[in-house]
Amino acid sequence: MRSALVNGLKYIRTEWLLYLFLLPGLIYFVLFKYVPMYGVIIAFQDYSPFLGLTGSEFVGFKHFERFFTDDEFFTVFRNTLLISVYKLFWGFPAPIALALMLNEVRVNWFKRTAQTLFYIPHFFSWVIFGGIVINVLSGTGLVNNILVYFGFEPILFMGEKAYFRTILVATDIVKESGWASIIYLAAIAGVDSTLYEAARMDGAKKRHEIWHITLPSIRSTILILFVLQLGNILELGVQQVFMLYNPVVYEVGDIIDTYVYRVGLTEQKYSFATAVGLFQSTVGLILILISNRAARRYGGGLW
Amino acid sequence: MSRASVGEKLGSGLNYLLLAAFGLLTLFPFLHVLAQSLSSHTAVVSNRVSIYPIDFQTEAYKLLFQDDAFYRAFGVSAMRTVLGTALNMALTCLMAYPLSRRTLKGRGFVMGMVVFTMLFSGGMIPSFLLLKELKLLNTFFALILPSAISAFNLILLKNFFESIPSSLDESAKMDGAGHGTILTRIYIPLSLPAIATLTLFYAVMHWNSYFDAVMYINKAELNPLQVYLRNLIVQNESNIELTNNMGLFLVAPETLKAATIMASVLPMIILYPFLQKFFVKGVMLGAVKE
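Taken in order, these protein sequences are the chains called A and B. Once you know that position 291 of the first sequence is 291 in the UniProt record's numbering, the rest is easy, because the numbers rise by one and skip nothing. Once you know that position 143 of the second sequence is 143 in the UniProt record's numbering, the rest is easy, because the numbers rise by one and skip nothing.
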């Protein structure tokens, strides 16, 4: 025991430079990641900026009870869950499908052009991409011009509750699925090509090859990304929703993050908003632990 | 030995068609906004602009490039991107190097600490209160310090460093090189695709994010370009006078928005072709290593 300690100190003395290299990063993680984690205790307090973390009074689960009985929270929670599930259902398979399709392309210039077009939106901010979406879907935008041209009535897409979630999911797919397909393309490129040759000898068709060789071969990649996605189920891109929503569609578009921002930072109900945020992070952590466990049984998982 | 059946040819044709359709889906809206930014007031208002400019004019850009607020916001974003990315890369390299050494004592503990931050976070309000306590609200540092290292990028670079053969730095040590020399003369040059990719990731993150500025900044002169742009698009806020001296409307508000969008994506569009070959390679290297 003692000698281990001595050895450890000796090691640190000889390799002190390595620890010095580590120091700024460690300070960063402790200060900007772990201190806020400690800060969540204000969710159990009636936090007052004047009294601070140490002086504020502890009130137990008061704030949690309050938001579980709050109608507005229920709406926000339902929106977050629904949009997330839609994004998971439609958005998760999209890059896999794109990668499979791109993989079949034999014409090189076509492949390169397609990939460039697919990747580019990822590099635009949600302000810019959202700006383009708002512009194209506005009353006088491109889509309505086409609708009017074919004799339909123009639709105010951004101010219509019925369309808002669809718009969120669809624009997210257009913006990110091309970029996300890179990782699957890399995985597909690693599949042993003799497997395909053997299958073709046995008379396999394209759809058999995809279903029985390609997809099983990239299963672990799919599982890892699925676990990550599931862990983020209550954390939608706040940058997207904050850009696209407006008071008319709050009822269907307000999500936990925008709610926390509004209640916490603009109304300054710090403790209440922190409780909501803590609930969100905890559900995310539990989901990621459960799904990782499940994924490991199928040969995937993060750890 | 062509053995493609009619069915396979049809499937292949459909494949090309769908991919082309998806490509056009991203291209058309972009062209539409570009066309609007270069069209006359009457053409935009009467809805005649689709994907090419009508009555070509550049008034909107001229107005934009005369606006002080636009320059200031552009400057904040540019400075944030350059300084922020430099800080990101310095800290990420410094931390990835010790962590890539399997013999480092305490390595597992530090890695566990880093990974845990990817699974759980304190959330928006405690982070805000921390910055408030540190007196960083409404300062430039609020834009770069809270995102100084991305755990994901750190792990990517650590994995990359691990793949460098250890015989290389052993022989460097024989020649009397210290860790500083090994990192800057051997590891970094050998990891250029990864370094370039991470630099790109960080730079894009800085150039594009706006929500942190919404939370931490409420001084107009410290607003980055994305916030300027959002105020213009969502709230229709602009100081720019849309009329000429004669009091005639030369530029439609829509045209001004379109021009601002274009001016903000321009740096990205110009850099993109140079970066593409890097990041595809870098991302794939990171992905295959998982």
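Think of the CB as a built atom: it goes at the ideal place given N, C-alpha and C, for glycine as much as any other residue.
When Cβ-Cβ separations below 9 Å define contact, Asn-108/A makes no contact with chain B.
In this chain, Thr-140/A is not harboured by any alpha helix (DSSP H), its DSSP state being neither H nor E. The segment 149-164 of chain A makes no contact with the segment 110-125 of chain A: fewer than 3 CB pairs, one atom from each, lie closer than 8 Å.
For Pro-24/A, the enclosing alpha helix (DSSP H) covers residues 16-29. Distances from the alpha-carbon of Leu-285/A to those of Leu-31/B, Lys-135/B, Gly-123/B, Ala-90/B put Gly-123/B closest.
Nearest to Pro-193/B by alpha-carbon distance, out of Phe-278/B, Ser-147/B, His-206/B, is Phe-278/B.
In this chain, the alpha helix (DSSP H) harbouring Pro-95/A covers 93-104. Not a single CB atom of chain A sits nearer than 9 Å to the CB of Glu-162/B. Among the CB atoms of chain B, one or more fall inside 9 Å of the CB of Met-243/A. Residue-level contact check: Leu-234/A does not touch chain B, since none of the beta carbons of chain B fall below 9 Å from its beta carbon. Judged by DSSP in its simplified three-state form, Phe-61/A adopts coil rather than helix or strand. Proximity of Arg-230/B to chain A, defined by a Cβ-Cβ separation below 9 Å, is satisfied. Only buried fits Gly-39/A, as 16 or more other CB atoms lie within 10 angstroms of its CB. Pairwise C-beta distances place the segment 191-200 of chain A out of contact with the segment 259-271 of chain A, as fewer than three of them are shorter than 8 Å.
Neighbours of Gly-178/B in chain A, taken as residues at a C-beta separation under 9 Å, are given in chain order as Leu-17. Here DSSP, grouped into helix, strand and coil, assigns Asp-212/B to helix. Against Val-6/B, chain A offers no close residue; the least beta-carbon distance is about 12 Å (beta-carbon pairs closer than 7 Å). Of the other Cβ atoms in all chains shown, 16 or more fall within 10 Å of the Cβ of Glu-254/B; this residue is therefore buried. DSSP, read as helix, strand or coil, puts Phe-22/B in helix.
Around the beta carbon of Ser-291/A, 16 or more other beta carbons sit within 10 angstroms, so the residue counts as buried.
For chain A, the residues of the segment 128-141 of chain B that bring a beta carbon within less than 7 Å of one of its beta carbons are Phe-128, Leu-129, Leu-130, in chain order. Taking the Cα of Gly-299/A as reference, the smallest distance to any Cα among Val-174/A, Leu-82/A, Thr-221/A, Thr-258/A is reached at Thr-221/A.
Just measuring C-alpha positions, the residue of Thr-26/B, Asp-55/B, His-206/B sitting nearest Thr-42/B is Asp-55/B. Proximity of the segment 135-149 of chain B to the segment 48-56 of chain A falls short of the contact definition, fewer than three beta-carbon pairs being nearer than 8 Å. DSSP, reduced to helix, strand and coil, places Asp-254/A outside both helices and strands of the structure shown, so it counts as coil. Under a criterion of Cβ atoms nearer than 8 Å, the residues of chain B adjacent to Met-37/A are, in order, Phe-120, Ser-121, Gly-122, Pro-126. Closer than 9 Å to the CB of Phe-21/A there is at least one CB belonging to chain B.
Cβ proximity to chain A below 9 Å picks out Val-204, Trp-207, Asn-208, Ser-209, Tyr-210, Phe-211, Val-214, Met-215, Leu-225 from the segment 204-225 of chain B. Of the residues Lys-62/B, Thr-117/B, Leu-104/B, the one whose Cα lies closest to the Cα of Tyr-11/A is Leu-104/B. CA-to-CA, the gap between Leu-22/A and Gly-253/A works out to about 42 Å. Taking a 10 Å sphere around the C-beta of Arg-293/A, we find fewer than 16 other C-beta atoms and assign the residue as exposed.
Annotated as proximal: Val-127/A and Met-243/A, with beta-carbon spacing under 9 Å. Burial is judged here by how many other beta carbons sit within 10 angstroms of a residue's own beta carbon; Thr-58/B has fewer than 16 and is exposed. Taking a Cβ-Cβ cut-off of 8 Å, the neighbours of Lys-206/A in chain B comprise Glu-8, Gly-11, given in sequence order. Classified as exposed, Pro-273/B has fewer than 16 neighbouring CB atoms from the shown chains inside 10 Å of its CB.
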